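Let me begin by presenting the structure, written as structure tokens, before commenting on it.
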Amino acid sequence: MRWLVLVVGVVMAGCSGNAPGPDANPFDVGATTVTVVVRNQYELDVILHAAGPATTTRLGSVAPGRSTTFQIPWTRPEDLRIRVEPATGPHMESNALTVRPGDAVILTVASDIGRTVLIHGR
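Count along the sequence shown from 1, add 1349, and you get the number used in my numbering.
Written out as structure tokens, the structure reads:
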């Protein structure tokens, strides 16, 4: 009988270390956004749209020589592309990058807009 009490006590102690605290939100699903840092090296203002598999979200605009940070809703690992629309001229779309909620990415809009690249941030 003592052996059983000892085993139950050890198991209970081991399980209690992973229990959420009393103030934990049971509905918290973790990060639900992706951070997009944009560096505009192009000569004109650019308007940006984040394109996932099912939706497109307008991010905003970035002036030449400026950097801006955007947050976009993101709930699961999916490919992200950024559509870049200069004030005049043709638009382009970045390479696809698989991102997860909580990730940060960096979009560098190059002076030669065709060399624009999207990478994982740090």
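Heads up, the beta-carbon is just placed ideally off N, CA and C, and yes, glycines get one too. Predicted, not measured: the structure shown is a model, and the values here were computed from it.
Whole-angstrom distance between Asn1444 and Trp1423, CA atom to CA atom: Working through the sequence shown from its first residue, we reach residue 1423 at position 74. Working through the sequence shown from its first residue, we reach residue 1444 at position 95. Separation of Trp1423 and Asn1444 (C-alpha to C-alpha, rounded to the nearest whole angstrom) is 18 Å.
Beta-carbon proximity check, Val1466 vs Tyr1391, cutoff 8 Å: Here residue 1466 corresponds to residue number 117 of the sequence shown, with the count starting at 1. Here residue 1391 corresponds to residue number 42 of the sequence shown, with the count starting at 1. Their beta carbons are not under 8 Å apart, which means Val1466 does not touch Tyr1391 by this criterion.
Contact under 8 Å by Cβ, Asp1428 with Ala1412: Translated into the one-based positions of the sequence shown, residue 1428 becomes position 79. Translated into the one-based positions of the sequence shown, residue 1412 becomes position 63. Cβ distance not < 8 Å, so Asp1428 and Ala1412 don't count as in contact.
Assigned secondary structure, Arg1449 (DSSP; H/G/I helix, E/B strand, else coil): Here residue 1449 is taken as the residue at index 100 of the sequence shown, counted from 1. Coil, per DSSP.
8 Å contact criterion, which Val1387 and Leu1456 should meet: CB distance rounded: Numbered from 1 along the sequence shown, position 38 holds the residue referred to as residue 1387. Numbered from 1 along the sequence shown, position 107 holds the residue referred to as residue 1456. Confirmed, Cβ separation roughly 5 Å.
Residues sharing a beta bridge with Leu1456, DSSP: Taking the sequence shown and counting its residues from 1, the one referred to as residue 1456 is at position 107. Answer is Val1387, Leu1467.
Beta-carbon contacts of Pro1435 that lie in its chain and below 6 Å, excluding the five residues immediately before and after: Residue numbering aside, residue 1435 sits at position 86 when the sequence shown is read from its first letter. Taken in chain order, the residues that qualify are Leu1393, Val1395.
Residue from Val1433, Thr1381, Thr1404 whose Cα sits closest to the Cα of Asp1461: As a first step, residue 1461 must be located in the sequence shown, where it is residue number 112. Among Val1433, Thr1381, Thr1404, the Cα nearest to that of Asp1461 belongs to Val1433.
From Arg1471, Ser1410, Thr1406, Met1441, residue whose alpha carbon lies closest to that of Gly1463: Position 114 of the sequence shown, counting from 1, holds the residue named residue 1463. Comparing Cα-Cα distances from Gly1463 to each of Arg1471, Ser1410, Thr1406, Met1441, the minimum goes to Met1441.
Rounded separation between His1398 and Phe1419 - CA only: Here residue 1398 refers to the residue found at position 49 of the sequence shown. Here residue 1419 refers to the residue found at position 70 of the sequence shown. Near 11 Å, if we compare the C-alpha coordinates of Phe1419 and His1398.
CB-CB length for Gly1379 against Gly1451, believed under 8 Å: Indexing the sequence shown from 1 puts residue 1379 at position 30. Indexing the sequence shown from 1 puts residue 1451 at position 102. The Cβ separation is near 7 Å, so the contact holds.
Residue span of the beta strand (DSSP E) that contains Ile1396, given as start and end: Sequence index remark: in the sequence shown, residue 1396 carries index 47 (1-based). Ile1396 -> beta strand (DSSP E) spans 1395 to 1400.
Cβ neighbour criterion (16 or more within 10 Å) applied to Ile1468: The residue labelled residue 1468 in the question sits at position 119 within the sequence shown. Here Ile1468 is exposed. Its C-beta has fewer than 16 other C-beta atoms within 10 Å.
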